[in-house]
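Heads up, the thing below is written out as structure tokens.
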Amino acid sequence: MGPMDERRQRFERVVMPHLDAAYNLARWITRNDHDAQDVAQEAVLRAYRFFDGLRGGAKPWLLAIVRNSCLSWLQVNRPADLAGFDDRVAETLASEEDGPETQAMRACDRRMLNEAIAALPAQFREVLVLRELEDMSYKEIARVADVPIGTVMSRLARARRLLGESVRAVSNAAGHSVNR
Amino acid sequence: MTREEAFRLMHAYVDGELDPAKTLELEAHLAENPSARVACERLRDLSVAIRAKADYHLAPAEFARRLSASVPAAPGDKPRRFAPPRWLPSVAALAGIALAVWIATALIMQFREDERLATEVLASHVRATLAGRSYDIASSDQHTVKPWLSARLAFSPPVADLSAQGFELDGGRLDYVGGQRVAVLAYKRRQHLIDVYLWPAGGKQENLALTRDGFNIERFEKSGMSFWLVSDLNRNELADLARLLAN
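Chains as they are written, first to last, in the numbering used here: chain A, 1422 to 1601; chain B, 3 to 249.
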């Protein structure tokens, strides 16, 4: 067995199990299947090329590459989404309290929630997906997003507040329309 | 803990990322502040709702398959890896040939050396037998033979008493083999004479067993000494002696 085959097998064993995570992140950032496939494919091929440089956990490593591929893709295709996405400056920690109507969260339906997450600015959507859907630690998220842990915390807090507000607004609107 | 700090740390608390000391502080604060408690519950609800309801986009099977197929065939697959120069194969081939020639030469030289020594020890053994001069010091006592040899050589040959195993020590003598003075131990089994030639080994040597002109020859190395056994004794018994001497 040649060194290439060995490398390939190691890659399949170590990196390919995280293909779903790679696709999920790309899908949430690009917000459509077709682009997600392109971006994820490019990222995985890049990961294969740089495989020798892998240190530590394979999942954050791969997702960091996916994230960079997404960044390049956004620059070309969705420059408007980039605002704040590649900000490495630690933001002021959010300490705002939630409004009183977040009970709506339990009742909100699947479609509404997905739309609300998709509507979040990219840098908040990203940390939320990594935290809640990939169940990654702050440290791992910091590695993927290439920001300090403090920024992960503040972005996550902001993401949740924005999401809560958005869901609330939508359910209120729905409630009004029913009442009317 | 201030209300502001409690709301700030709440996320890390819900995410299980808060250190134990801060966790205790925050829990004390939550116990005293119902509104903070409610906010904390909402955060949990939100997390639970996202995990339960948000889409997890699995990589489409077709995509995974296509990707897996394209990984090894990726263009510019290994740009960061060492690219062997074009002349490398020919140089490697030449080096390989040179190495093969060197090894073959070394093997032939070794073979010739073994042949020469075998011829020499055999000639020595035959001459000694013909002349009836098997030993310079006649003794069956290893403690007599060993010092006699040691006094006349630059090394001290091991001399074993193997009479219990049926090999009587007859005596010892000096001889000249391979351009050096060597020790010869004369053993006897029934009416067969066995000469054991001993000298410091030049290097690691393979064991050797051959038959020449009706004589059997065994060669082995032990503790930096080269042992050559020559006798008209049958092969198996000579091999037995070689084993005894080697252990």
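Note that the Cβ used here is the ideal one computed from N, Cα and C, for glycine as well.
All figures in this text were calculated on a predicted structure; none of them were measured in a lab.
First and last residue of the beta strand (DSSP E) that includes Y137/B?
Counted as a single uninterrupted DSSP element, the stretch harbouring Y137/B is not any beta strand (DSSP E), since DSSP gives it neither H nor E.
Give the straight-line distance between the Cα atoms of R1488/A and E43/B, rounded to the nearest whole angstrom.
31 Å
Taking contact to mean at least 3 C-beta pairs separated by less than 8 Å, is the region 1540 to 1551 of chain A in contact with the region 1569 to 1588 of chain A?
yes
So I1538/A contacts chain B; which residues on that side make the cut at Cβ distance below 8 Å?
Correct list: I52, A56.
Considering only their Cβ atoms, is the gap separating L151/B from A203/B smaller than 8 Å?
The answer is no: Cβ separation not under 8 Å.
Quick one: what does DSSP say Y1469/A is sitting in, helix, strand or coil?
Residue state, collapsed to three classes: helix.
In chain order, what are the residue ranges of uninterrupted beta strand (DSSP E) at least 3 long that sit wholly in the region 153 to 229 of chain B?
Counting only runs of 3 or more residues that sit fully inside the region 153 to 229 of chain B, the beta strand (DSSP E) segments are 170 to 179, 182 to 191, 194 to 202, 210 to 214, 217 to 224, in chain order.
Tell whether a beta-carbon distance below 8 Å holds between L1475/A and A1443/A.
At least 8 Å separates the beta-carbon of L1475/A from that of A1443/A.
Just how far apart, CA to CA, sit K55/B and N1593/A?
When rounded, the distance between both Cα atoms is 19 Å.
Among R1467/A, H1455/A, S1493/A, C1491/A, which residue has its Cα nearest to the Cα of P62/B?
H1455/A
Cβ of E19/B less than 8 Å from any chain A Cβ?
yes
With 8 Å set as the bound, which would you pick, yes or no: does the beta-carbon of L210/B sit closer than that to a beta-carbon of chain A?
False, the Cβ-Cβ gap to chain A never drops below 8 Å.
Comparing C-alpha positions only, which one of S49/B, T25/B, S126/B, L28/B sits nearest to A188/B?
S126/B
Quick one, which of L20/B, K190/B, E7/B has its alpha-carbon nearest G173/B's?
K190/B
Would F1471/A be called buried (16 or more neighbouring beta carbons within 10 Å of its own) or exposed?
exposed
What is the DSSP secondary structure of V1568/A, reduced to helix, strand or coil?
coil
In whole angstroms, what is the alpha-carbon distance linking P1481/A and L1466/A?
16 Å
Report the partner residues of V232/B according to the DSSP bridge assignment.
D197/B, I219/B
Give the DSSP-derived three-state secondary structure of A1485/A in the structure shown.
helix
Three or more C-beta pairs under 8 Å: does that hold for the region 145 to 162 of chain B against the region 173 to 182 of chain B?
yes
Find the residues of chain B that neighbour V1465/A, judging by a C-beta separation of less than 8 Å, and give them in chain order.
L69, V73
I need the straight-line Cα distance from Q193/B to N238/B, nearest angstrom please.
16 Å
Is the separation between the beta-carbon of F169/B and that of L124/B shorter than 8 Å?
Not in contact: F169/B and L124/B (Cβ atoms no closer than 8 Å).
Let me know the secondary structure DSSP gives T1451/A once reduced to three states.
Helix at T1451/A.
Can you name, in chain order, every residue of its own chain whose Cβ lies under 8 Å from the Cβ of N1445/A, other than the five neighbours on each side?
V1550, L1554, E1555
With a CB to CB cut of under 6 Å and the five nearest residues on each side skipped, what residues in its chain are close to M3/B?
E27, H31
Do the CB positions of L60/B and D1473/A come within less than 8 Å of each other?
no
Say whether chain B places a C-beta atom closer than 8 Å to the C-beta of L1514/A.
Bear in mind that the predicted position of L1514/A carries a pLDDT of just 49, short of 50, making it unreliable; the figure below should be weighed with that in mind. Judged by the 8 Å Cβ criterion, L1514/A is in contact with chain B.
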